[in-house]
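Novice: Let me begin by handing over the structure; questions about it come next.
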Amino acid sequence: MSSMITLGSLKRITAPKLAEQLLARAEAGAAAGDSTIAIVDVRDDDHIGGHINGSLHFPSQSLDAMMPTLLRKLEDKETVVFHCALSQQRGPSAALRYMRERADLVEKASKQGKEEKPQTVYVLDRGFVGWQEVYGTDKRLTEGYRTELWKDGYWG
Numbered sequence: 024m025s026s027m028i029t030l031g032s033l034k035r036i037t038a039p040k041l042a043e044q045l046l047a048r049a050e051a052g053a054a055a056g057d058s059t060i061a062i063v064d065v066r067d068d069d070h071i072g073g074h075i076n077g078s079l080h081f082p083s084q085s086l087d088a089m090m091p092t093l094l095r096k097l098e099d100k101e102t103v104v105f106h107c108a109l110s111q112q113r114g115p116s117a118a119l120r121y122m123r124e125r126a127d128l129v130e131k132a133s134k135q136g137k138e139e140k141p142q143t144v145y146v147l148d149r150g151f152v153g154w155q156e157v158y159g160t161d162k163r164l165t166e167g168y169r170t171e172l173w174k175d176g177y178w179g
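Numbering-wise (the numbering used here), the sequence shown opens with residue 24 and increments by one.
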């Protein structure tokens, strides 16, 4: 089953759509840990200058070793969003790997008569670079934002 998950299987979510979901969650008073949505930031050394509030940092370099932990942490989430700086390589690769591993777990659980919660996996369109262009200074959505690292196209 997991072999049928390909690059074409990946869904994309735009920054405005994700921001809308995060703000709706905040208005509903959900604490970050209580949320049905998880954001996984797979940037490596470029994980400075800010990140999406409540996101989990799982550097792509350590993803192989950390995948079992990630699968456990996200098992009850309805929506999982992966991103890197531009969401062109590391983010989509991590999302694919996660989807394949999760499909294997779901298949094993099904054979044991257990049912796993359905989950939708997305890749954040344009990654954190695109996100910070619109929401970098919005403290409701972004933490640790460092304007000086972004204003002159430092990362872009």
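Positions of the beta carbon are idealized from the N, C-alpha and C atoms, including for glycine.
Under the DSSP definition of a beta bridge, which residues are partnered with V104?
Specialist: In the DSSP output, where bridge partners are listed per residue, V104 has I62, Y145.
Novice: If you run the structure through DSSP and keep just helix, strand and coil, what is A55?
Specialist: Below a pLDDT of 50, predicted positions are generally treated as unreliable, and A55, at 48, falls in that range; the measurement from the model is reported next regardless. Helix.
Novice: Using the C-alpha atoms, what's the distance from A51 back to M89?
Specialist: Their Cα atoms are separated by approximately 31 Å.
Novice: Going by the beta-carbon positions, is the gap between D69 and A108 smaller than 7 Å?
Specialist: Yes, the pair counts as a contact, with Cβ atoms nearer than the cut-off.
Novice: Along the chain, where does the alpha helix (DSSP H) containing R204 start, and where does it finish?
Specialist: Residue 204 is absent from the model: the chain starts at 24 and stops at 179.
Novice: How many Å lie between Q84 and Q111 at the Cα?
Specialist: If I take the Cα positions, the gap works out to 16 Å.
Novice: Could you give the distance in angstroms between the alpha-carbon of V65 and the alpha-carbon of T59?
Specialist: Rounded to whole angstroms, V65 to T59 spans 19 Å at the Cα level.
Novice: Measuring alpha carbon to alpha carbon, tell me which residue in E138, R35, T160, H80 is nearest T102.
Specialist: Taking only the C-alpha atoms, the option nearest T102 is R35.
Novice: Hey, could you find the ends of the beta strand (DSSP E) K34 is sitting in?
Specialist: Note, K34: beta strand (DSSP E), 34-36.
Novice: Taking 7 Å as the limit between beta carbons, can you name the residues of its chain near L41, skipping five residues before and five after?
Specialist: If we look at L41 and ignore the five residues flanking it on each side, its Cβ neighbours are V104, L147.
Novice: Starting from M122, trace the alpha helix (DSSP H) both ways and give me its first and last residue.
Specialist: Taken as a continuous stretch (DSSP letters only), the alpha helix (DSSP H) holding M122 covers 113-134.
Novice: Please determine, among T37, I75, A61, K100, the residue with the shortest C-alpha to C-alpha distance to P141.
Specialist: Nearest C-alpha to P141: K100.
Novice: Distance, Cα to Cα, R123 vs S32?
Specialist: Each residue's Cα considered, the two are about 11 Å apart.
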